[in-house]
Amino acid sequence: MDHQLEVFVTVAETENFSRAAERLHMTQPAVSQYIKALEKSMEARLFDRSNKYVRLTQAGDVVYHHAKEILGLYTNMHALIDDLTGKAGGAISIGASYTYGEYVLPVILKRMKEEAPDIEPTVTIGNTKEISRLVAEYQLDVGIIEGEVGNENLTVEPFETDAMYVVAAPSFFFTTEEKNIAPEDLEQETWVIREEGSGTRRMSDKFFEETGIEPASRLEFGSTQLIKESVEAGLGLSLLSHWTFRKEAKAGTLQVLDVEGLPLQREFSVISRSLFRSKALEVFLREVKEGYRGEK
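Going by this note's numbering, the sequence shown opens with residue 293, and the numbers climb by one from there.
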């Protein structure tokens with residue numbers, strides 16, 4: 293059944309029987325036979341087929357999401373059995389929110405590879421909401437996210453505190469007799485923020501709510517890198533993790549504003565769903581908890 297589901301998932305993701313056959317190193321007739329057998333066992337048509345496309349039916353969409361969970365559990369089961377007699381190795385699927393995934397994770401993966409070269413990580417980067425969903429559906433072994441997770445099926449383990457500051461272009465100049473800039477004095481500025489579902493966006497909304505300010509203008513981008521470049525260009529201000537702008541601050545292309553009540557604190561957390569962890573996953577998590585602190 294596991295191979296049948298693997299064929300089905302591959303067809304669903306490639307939306308093409310020929311491409312699925314190539315990826316699986318099978319013939320197209322063999323792929324078709326697997327799909328027919330699965331449709332017979334489900335007593336439902338799983339794909340709408342034409343000369344131009346192959347698309348999931350409503351029933352197929354249900355099977356696809358469950359198949360991904362089943363295959364994830366099946367792979368994890370094999371990894372745990374292998375652990376009983378072997379050293380840390382094999383595949384692990386890691387999800388990370390943009391802040392951690394783009395600015396910290398590469399260092400962690402390098403260290404893990406040095407310690408356990410037989411581990412084969414695959415990485416998915418997304419916002420906190422996306423990574424939480426993929427872990428909950430067993431499509432990822434583990435996720436690293438910032439902020440809170442509203443899913444009771446996930447195990448959440450905070451491991452590090454992050455600090456967030458308001459950054460601006462070097463040309464931004466603000467005069468005040470006070471030691472710090474009052475948040476309300478920045479209300480008329482343009483703020484460059486992340487998209488809904490992002491942990492960084494959640495913190496920006498929290499900052500606006502707690503300070504009672506309503507920015508005169510907002511620009512919403514789905515990339516922290518794009519936000520930094522926009523702020524550097526003088527398009528506006530942004531609230532960002534200190535991990536994301538260390539190089540720019542050192543180079544003098546971004547400045548940190550001394551704003552009252554900052555920095556805001558938030559937690560990075562490891563999220564998972566499985567009750568068991570492979571040796572490979574344990575090695576990775578050890579590097580996350582030790583290596584992150586080592587980079588301060």
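Here a beta-carbon is modelled for each residue, glycine too, at the ideal position from N, C-alpha and C.
Here the structure is a predicted model, which is why all the values come from computation and not from measurement.
Quick check on DSSP: helix, strand or coil for Ile473? Annotated three-state conformation of Ile473 is strand, per DSSP.
Where do the ends of the alpha helix (DSSP H) carrying Arg425 lie? Segment Thr420 to Ala428, the alpha helix (DSSP H) holding Arg425.
My parser needs the beta strand (DSSP E) runs of 3 or more residues fully inside the region 316–361; what are they? Correct list: 339–341 and 346–348.
Using the C-alpha atoms, what's the distance from Gly442 back to Asn472? So the two alpha carbons sit approximately 35 Å from each other.
Going straight from the alpha carbon of Asp477 to that of Thr391, what length do you get? Asp477 and Thr391 have their alpha carbons spaced roughly 27 Å apart.
Return yes when the Cβ of Leu531 is within less than 9 Å of the Cβ of Val459, no when it is not. Yes, the Cβ-Cβ distance between Val459 and Leu531 is below 9 Å.
Cα separation between Leu529 and Ser490? Using only the alpha carbons, I get a separation of about 17 Å.
Where does Thr492 land, buried or exposed, given buried means 16+ other C-beta within 10 angstroms? The residue in question, Thr492, is buried, as its Cβ has 16 or more Cβ neighbours within 10 Å.
Starting from the Cα of Arg494, find the closest Cα among Glu307, Ser389, Pro462 and Ser564 and give me that residue. Out of Glu307, Ser389, Pro462 and Ser564, Ser389 has the C-alpha closest to the C-alpha of Arg494.
Coil, strand or helix - Gln431 by DSSP: Reduced to three states, the DSSP call for Gln431 is coil.
Spatial neighbours of Trp535 within its chain, please: C-beta separation below 8 Å, excluding the five flanking residues on both sides. Residues of the same chain with a CB within less than 8 Å of the CB of Trp535, apart from the 5 flanking positions on each side, are Thr391, Tyr392, Tyr395, Val396 and Asp454 in chain order.
With DSSP as the reference, label Val299 as helix, strand or coil. In this structure, Val299 counts as helix in the three-state DSSP scheme.
Which of helix, strand or coil does DSSP assign to Gly586? The pLDDT assigned to Gly586 is 46, lower than 50, so where the model puts this residue is not dependable; a value taken from the coordinates is nonetheless given after this. Gly586 falls in the helix class under three-state DSSP.
Roughly how many whole angstroms lie between the Cα atoms of Arg403 and Glu331? So the two alpha carbons sit approximately 45 Å from each other.
Compare the C-alpha of Pro475 against each of Pro450, Glu502, Phe451 and Arg341 and name the closest. Check the Cα spacing between Pro475 and each of Pro450, Glu502, Phe451 and Arg341: the tightest is with Glu502.
On a Cα-Cα basis, can you pick out the residue from Gly418, Gly514 and Ile386 that is closest to Tyr430? The option with the nearest alpha carbon to Tyr430 is Ile386.
Between the CA atoms of Val346 and His357 - distance to the nearest angstrom: His357 and Val346: Cα-Cα distance of roughly 17 Å.
Buried/exposed call for Ile423, threshold 16 Cβ in 10 Å: Looking at its Cβ environment, which holds 16 or more other Cβ atoms inside 10 Å, Ile423 is buried.
Identify the continuous beta strand (DSSP E) that holds Gly387 and give its terminal residues. Run containing Gly387: Gly382 to Ser389, per the beta strand (DSSP E) assignment.
Using CA coordinates, which residue listed in Phe339, Ser333 and Met318 is at the minimum distance from Glu305? Comparing Cα positions, the closest option is Phe339.
Determine the DSSP secondary structure at Gln480, reduced to helix, strand or coil. Residue state, collapsed to three classes: coil.
Sort Glu506, Arg510, Leu577 and Pro462 by Cα distance to Arg542 and report the nearest one. For clarity, residue 542 is Lys in the given sequence; the question names Arg instead. Here the closest residue by C-alpha is Pro462.
Beta-carbon within less than 8 Å of Ala322's beta-carbon, same chain only, minus the 5 sequence neighbours each way: which residues are those? Listed in chain order, the non-local C-beta contacts of Ala322 below 8 Å within the same chain comprise Ala313, local neighbours out to five positions each way being set aside.
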